[in-house]
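Novice:
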Amino acid sequence: MELLLPVLLQGLRYDLVAGAVAALLLGLLVMPLWLRRRHARAAWLAQWLAVGVLLLFLLLSACEYFYYGFYKTRFDPVMFGLFEDDTGAVLVTIWQDYPVLRGVLGLVLAAALLGWAVPRAGRWLSARWPAGSGTGTRIVLVVVQCLLLLLLARGSVGTFPLVRRDVTFSPDPFVNASVLNAPLTLYRALRIRARETRVGDDPLVGLHRLGFATLDEAAVVAGLPSAEPGPVRAALFPVAPGQPRPLAQSPHVVLGLLESFGQDLLHADTPGNDMLGRLRGELAHGYRFDNFIAGQNGTHQELENLLLGTPITPLTGGRNARMTFDTSAALPFRRAGYRTAFVYGGGSDWRQIGTALSHQGFDHVYDARDIRTRFPEAHGTDWGIYDAYLFRFAGELLAQADARGERLFLVLLTTTNHPPFELDTPHRTLPLDPAALGPRATDDRDELRRILATYQYQADEFGAFLQVLRQGELGERTLVAAAGDHNLRTHYRYDLPAEQPDVDRVFAYLRVPPAFAPPGPGPDVHAFAGHGDLVPTLVSLALPGERYFATGRNLWQAPADGGQALSQFKHLYLREGMLTPLEAPQLHGWQDARRVQAQGHVPDAAALVQARRIAANVALRDWYIRGQVLAQRR
Numbered sequence: 105m106e107l108l109l110p111v112l113l114q115g116l117r118y119d120l121v122a123g124a125v126a127a128l129l130l131g132l133l134v135m136p137l138w139l140r141r142r143h144a145r146a147a148w149l150a151q152w153l154a155v156g157v158l159l160l161f162l163l164l165s166a167c168e169y170f171y172y173g174f175y176k177t178r179f180d181p182v183m184f185g186l187f188e189d190d191t192g193a194v195l196v197t198i199w200q201d202y203p204v205l206r207g208v209l210g211l212v213l214a215a216a217l218l219g220w221a222v223p224r225a226g227r228w229l230s231a232r233w234p235a236g237s238g239t240g241t242r243i244v245l246v247v248v249q250c251l252l253l254l255l256l257a258r259g260s261v262g263t264f265p266l267v268r269r270d271v272t273f274s275p276d277p278f279v280n281a282s283v284l285n286a287p288l289t290l291y292r293a294l295r296i297r298a299r300e301t302r303v304g305d306d307p308l309v310g311l312h313r314l315g316f317a318t319l320d321e322a323a324v325v326a327g328l329p330s331a332e333p334g335p336v337r338a339a340l341f342p343v344a345p346g347q348p349r350p351l352a353q354s355p356h357v358v359l360g361l362l363e364s365f366g367q368d369l370l371h372a373d374t375p376g377n378d379m380l381g382r383l384r385g386e387l388a389h390g391y392r393f394d395n396f397i398a399g400q401n402g403t404h405q406e407l408e409n410l411l412l413g414t415p416i417t418p419l420t421g422g423r424n425a426r427m428t429f430d431t432s433a434a435l436p437f438r439r440a441g442y443r444t445a446f447v448y449g450g451g452s453d454w455r456q457i458g459t460a461l462s463h464q465g466f467d468h469v470y471d472a473r474d475i476r477t478r479f480p481e482a483h484g485t486d487w488g489i490y491d492a493y494l495f496r497f498a499g500e501l502l503a504q505a506d507a508r509g510e511r512l513f514l515v516l517l518t519t520t521n522h523p524p525f526e527l528d529t530p531h532r533t534l535p536l537d538p539a540a541l542g543p544r545a546t547d548d549r550d551e552l553r554r555i556l557a558t559y560q561y562q563a564d565e566f567g568a569f570l571q572v573l574r575q576g577e578l579g580e581r582t583l584v585a586a587a588g589d590h591n592l593r594t595h596y597r598y599d600l601p602a603e604q605p606d607v608d609r610v611f612a613y614l615r616v617p618p619a620f621a622p623p624g625p626g627p628d629v630h631a632f633a634g635h636g637d638l639v640p641t642l643v644s645l646a647l648p649g650e651r652y653f654a655t656g657r658n659l660w661q662a663p664a665d666g667g668q669a670l671s672q673f674k675h676l677y678l679r680e681g682m683l684t685p686l687e688a689p690q691l692h693g694w695q696d697a698r699r700v701q702a703q704g705h706v707p708d709a710a711a712l713v714q715a716r717r718i719a720a721n722v723a724l725r726d727w728y729i730r731g732q733v734l735a736q737r738r
């Protein structure tokens, strides 16, 4: 609470900046009328333009309010990806899940109120604001007013103007995030997208953002002897230990990305609220990870993170969709002789994944049309075919490959557990009770029942897929790794930043047949891990002797330090707590297994060294990916 007043005052400065910039733009628009002595018309136009600008600010603030409720963050570059989704599905979701009619009504009422108040306020000011009797005097007064607006637009008088770093006036990044208004967070998101997610022409942009002046500095912090291409590439592309095995003795490999399969709902799993279904019986035949952290906060971002190891996202949109990245998860398997396939419950035109993945070493990209061709009775939601048919389709691909003597690397992406949470397909009836979610749950019980039902359905159908594999011959020669892409969005009211771990944790599971399990006790399921660890683990287990892009560690090897995981490339989870942001971390120590301290503090030297080393590894990956893009653009 002691930071509330400073936040409000700093935010007021930025509000004045936004208001002054808007006033200057309005002044430029009406200046031609004013110069032609049409003062009354200029005043009328300026007043109604001001009404429009104020309504736009209100609309942006309302949109950001709901955006924050869904993504748990202010406007960021992720929002622009919404325009690349299925437009009809996005609109249906917004219509069903948000108070659109009430919002429009509120906006109309606000327009009426502003339309009444602004002209009256303008007339009141005109009667009291000095106008001058001569042309020269009026020009001087206009110049003075413009200078005053310029001073306001600077956000300061007699010092440097407000800049991006002035948002950081507190050591707590969660406090700093509340300073800017919606128009400025939107502008910041646009700048970030232009500078980073569109790659640009400077391969060192991401490296600089993480606090490294040169490539040499990042290489030294990462523990490399130099920044020469040889040592850097050797570090970024390690070789899985062990002797290569013949293809016929290698396993099939399944990597699943499960829509919105967050971990926190599993704490509400009770006899009266079955969250697992048939998946419950399969957990004993593999490893379920307790502290698995989502790498990104959106499906497409996570897909690129998982399959390409990129800190830059979106990476494969637009002209980049036809680029080839040698960091692809499919390439080690393809080099080893595997067939590679991607199965998506939606349409392959979503975010251009059909085009993009076909250039990343995937032999086939299957989507809803292929699944419906095989199962004509299959139907789905606005986002894709129901998961039961996707898993049956995947099972058939595995069986067909096995019958031909092939080995298959198969990536799955489900869609059912997604707003608007529809489930009008045959499914098992499981106990369901929204009351099991406790006092944190949102108030809309009907919405909660739909959320729980699609969550149950996904878990149950994934469990059925694992069960069929295990009970058949394929189970003895198929590795399976799966994780949620991100948490659910609208089922809980989160106390942030204390409950940030619940926002970032997702379900994760690994099953390794005995023939492919290395000696030792197996993975430490309590250690921190993340999506970046899945491909290194699968390559190490299935393809000894193959190179892969180093995005994480082999989960089969127990970490000496309790593990680590990075969410959105800003929240770093360690045994000591959550460090954020990565480039200048504050430590939020653990209160208990699910909460961290709301107030951050300077971490100790060991934690800082660890965070710095992880930041250096991310910076090198960022530099390498940007270099690939720039090389292919030439």
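Just so we're aligned, residue 105 is where the sequence shown starts under this note's numbering, counting upward by one. Ideal placement from N, C-alpha and C gives every residue a C-beta, glycine not left out. Since the structure is predicted, the reported quantities are computational estimates derived from the model, not experimental observations.
If alanine 539 and histidine 595 are in contact, beta carbons under 8 Å, what's the gap, nearest whole angstrom?
Specialist: About 13 Å separates the two Cβ atoms, so there is no contact after all.
Novice: Let me check one thing: in DSSP terms, what residues is methionine 682 bridge-paired to?
Specialist: Tyr677 and His692
Novice: Could you tell me the boundaries of the alpha helix (DSSP H) in which glycine 385 lies?
Specialist: 383-386
Novice: Check glycine 649 in the structure and name its three-state DSSP category.
Specialist: Residue state, collapsed to three classes: coil.
Novice: With a CB to CB cut of under 6 Å and the five nearest residues on each side skipped, what residues in its chain are close to leucine 314?
Specialist: Glu687, Ala719 and Ala723
Novice: Where do the ends of the beta strand (DSSP E) carrying serine 671 lie?
Specialist: Where serine 671 is concerned, the enclosing beta strand (DSSP E) stretches over 669-671.
Novice: Can the beta-carbon of phenylalanine 632 be found closer than 8 Å to that of tyrosine 559?
Specialist: no
Novice: Considering only residues of the same chain and omitting the five flanking positions on each side of leucine 370, which have a CB-CB separation below 8 Å?
Specialist: Excluding sequence neighbours, leucine 370 sits near Met379, Leu380 and Phe611.
Novice: Compute the Euclidean distance between the alpha carbons of valine 101 and glutamine 690, then round it to the nearest angstrom.
Specialist: This structure leaves residue 101 out entirely; the chain is present only between 105 and 738.
Novice: Compare the beta carbon distance of leucine 153 and leucine 130 with 8 Å and say whether it is the shorter of the two.
Specialist: yes
Novice: Could you check where the beta strand (DSSP E) with asparagine 395 kicks off and where it finishes?
Specialist: Unbroken beta strand (DSSP E) run through asparagine 395: 395-397.
Novice: Is the Cβ-Cβ distance between valine 358 and leucine 516 less than 8 Å?
Specialist: yes
Novice: For arginine 615, does the three-state DSSP call read helix, strand or coil?
Specialist: Strand.
Novice: How about the region 466-478 and the region 443-458: do they share at least three Cβ pairs that are nearer than 8 Å?
Specialist: yes
Novice: What is the DSSP secondary structure of tyrosine 391, reduced to helix, strand or coil?
Specialist: It is a strand residue.
Novice: I'd like the span of the alpha helix (DSSP H) that includes valine 303, first residue to last.
Specialist: No alpha helix (DSSP H) contains valine 303, which DSSP labels as neither H nor E.
Novice: Going by DSSP in three states, valine 706 sits in which element: helix, strand or coil?
Specialist: coil
Novice: Taking C-alpha atoms, which residue in Arg227, Phe161, Asp486 and Thr414 lies nearest to leucine 211?
Specialist: Phe161
Novice: Quick one: what's got a C-beta closer than 6 Å to arginine 438's C-beta in the same chain, skipping five residues either side?
Specialist: Thr444 and Gly465
Novice: Can you give me the C-alpha to C-alpha distance between tyrosine 490 and histidine 389, rounded to a whole angstrom?
Specialist: 25 Å
Novice: Can you tell me the Cα-Cα spacing of phenylalanine 429 and aspartate 453, whole angstroms?
Specialist: 20 Å
Novice: Just verifying my parser: in three-state terms, what is the DSSP assignment at alanine 372?
Specialist: helix
Novice: Going straight from the alpha carbon of serine 282 to that of phenylalanine 525, what length do you get?
Specialist: Each residue's Cα considered, the two are about 31 Å apart.
Novice: Are the CB atoms of leucine 288 and tyrosine 442 nearer to each other than 8 Å?
Specialist: no
Novice: Can you confirm whether the region 350-364 touches the region 599-607 when touching is taken to mean that 3 or more C-beta pairs between the two stretches lie within less than 8 Å?
Specialist: no
Novice: Quick check on DSSP: helix, strand or coil for threonine 582?
Specialist: strand
Novice: Is the beta carbon of glutamine 400 closer than 8 Å to that of glutamine 668?
Specialist: no
Novice: State buried or exposed for histidine 404, treating a residue as buried only when at least 16 other CB atoms are found within 10 Å of its CB.
Specialist: buried
Novice: Look at threonine 420 and asparagine 409 and say whether their C-beta atoms are less than 8 Å apart.
Specialist: no
Novice: Only counting the same chain, and skipping five residues up and downstream in sequence, which positions put a Cβ closer than 7 Å to that of leucine 163?
Specialist: Correct list, in chain order: Leu211.
Novice: How long is the line joining the alpha carbons of threonine 533 and alanine 557, rounded to whole angstroms?
Specialist: 9 Å
Novice: Looking at the unbroken beta strand (DSSP E) that takes in arginine 443, where does it start and where does it end?
Specialist: 443-448
Novice: Decide if the region 319-337 is in contact with the region 640-652; the criterion is three or more beta carbon pairs, one per stretch, under 8 Å apart.
Specialist: The region 319-337 is not in contact with the region 640-652.
Novice: Would you check if there are 3 or more beta carbon pairs closer than 8 Å linking the region 612-622 to the region 708-715?
Specialist: no
Novice: Can you determine whether any heavy atom of the ligand SAH sits closer than 7 Å to the C-beta of proline 342, and answer yes or no?
Specialist: No copy of the ligand SAH appears in this structure; indeed no ligand is present at all.
Novice: Mark threonine 374 as exposed unless 16 or more other C-beta atoms lie within 10 angstroms of its C-beta, in which case mark it buried.
Specialist: exposed
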